[in-house]
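Beneath this line is the structure, given in structure tokens, with notes to follow.
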DNA sequence: GACCAGGACCAAA
DNA sequence: TTTGGTCATGGT
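Residue numbers (this note's numbering): 158 to 471.
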């Protein structure tokens, strides 16, 4: 059964689909070739194609016969976190203190932090250690193609053949020697992914309870970093992008760079040990507020990469 | 050819 | 607690 819906009324909410999908928080989306602005990804039990037709709204094509799937409008609003007011990410005091930076950030009002599937997020970021975005994306694509279920979605522009992200069960049963081909030939990483997938499949890691407001950020960190291959940074990434914890503030090399360059945090100059990571993370939370520090941090991250470093995410 | 990329982990001082 | 080596390879 196919859904075809158009358009989503954005009610004046600021949304930049391209930046949101390709700012480096997700490695699941493909840009369909053939001209038009079609973006495609398997989402949980269904597949979604988004066509950003014009400024008025977007069209969603969604194949799903899952009874528990959200209606497309609700899914869309939730996935792109349209409930968050991105106009107020940076306080008046912040904008007065950093006027030049605020000017740069104004270009990214439409950047949304996605509420993604936690398992996809976990495995994706386990593939993200010390290598570039292009290589991360390649790993996730290979994981999908080698271990994920194939799927065809019909839409106006033709048919898209994609692969779902593999289930926890599938990766838990995978042979690390075969999985290795998908993890940049890194056997340790392949073994870590199998072990972590097993924990998810067996219920040792329960994303539903981790996502609960009653679970503290520190409890999320310790639960996830109990897995080999997951440290503070990746645990925070899973919290931010996979558990909807918009206060979580992951710190990688880029974030460390702009914390020193833009805000003059002295701890940003040294190596990123667990101790300095926590200090920087706490200081960033003080600066940006506990509720949306990570959300704002992703704006800063994307802005730093594109405006200062001249990098492209995709 | 050197250096860096959305790191984590272990041994050694 | 911090430092340095290791894992890996594509891009600049």
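Just so you know, even glycine gets a beta-carbon here, dropped at the ideal spot from N, CA and C.
Closest option to residue 341, judged by alpha-carbon separation, among 317, 352, 298: 298. Ranking 227, 234, 200, 199 by CA distance to the CA of residue 215 puts 234 first. Residue 347: member of the alpha helix (DSSP H) spanning 344-359, first to last residue. The stretch 351-362 makes no contact with the stretch 231-246; the number of CB pairs closer than 8 Å stays below 3.
Residue pairing for residue 188: DSSP places it in a beta bridge opposite 196. Excluding five sequence positions before and after residue 184, the CB atoms of its chain that fall closer than 7 Å to its own CB belong to 281, 293, 294, 297, given in chain order.
Going by DSSP, residue 251 is part of the alpha helix (DSSP H) stretching over 249-254. Judged by their CB atoms, residue 436 and residue 448 are not nearer to each other than the 7 Å cut-off. In the three-state reduction of the DSSP assignment, residue 219 falls in the strand class. Residue 173 and residue 267 do touch by the CB rule: their CB atoms are close to 3 Å apart, below 8 Å.
Contact between the stretch 317-330 and the stretch 363-375 is absent: fewer than three C-beta pairs spanning the two stretches fall below 8 Å.
For residue 288, no alpha helix (DSSP H) run applies, since DSSP gives it neither H nor E. Residue 440 and residue 262 have their C-alpha atoms some 20 Å from each other. Taking the Cα of residue 167 as reference, the smallest distance to any Cα among 178, 241, 188 is reached at 241.
One alpha carbon belongs to residue 171, the other to residue 243, and they sit about 8 Å apart.
Here DSSP, grouped into helix, strand and coil, assigns residue 374 to helix.
Cβ-Cβ separation between residue 378 and residue 389: approximately 6 Å, consistent with a contact (criterion under 8 Å). Of all alpha-carbon atoms in 330, 452, 327, 272, the one lying nearest the alpha-carbon of residue 231 is that of 272. For the pair residue 331 and residue 351, the Cα-to-Cα distance works out to about 7 Å. C-alpha of residue 380 to C-alpha of residue 353: approximately 11 Å in a straight line. By the criterion of a C-beta distance shorter than 7 Å, residue 382 is surrounded in its chain by 388, 389, 392, once the five residues flanking it on both sides are discounted.
Contact between residue 406 and residue 450 holds: their C-beta atoms lie close to 5 Å from each other, under 8 Å.
Boundaries of the alpha helix (DSSP H) harbouring residue 229: 229-236, taken from the DSSP string. Uninterrupted alpha helix (DSSP H) stretches at least 4 residues long and entirely within the stretch 400-465 occur at 410-418, 431-445, 450-460, given in chain order.
According to the DSSP secondary-structure assignment, residue 282 is paired through a beta bridge with no residue. Excluding five sequence positions before and after residue 189, the CB atoms of its chain that fall closer than 8 Å to its own CB belong to 195, 196, 197, 206, 314, 317, given in chain order.
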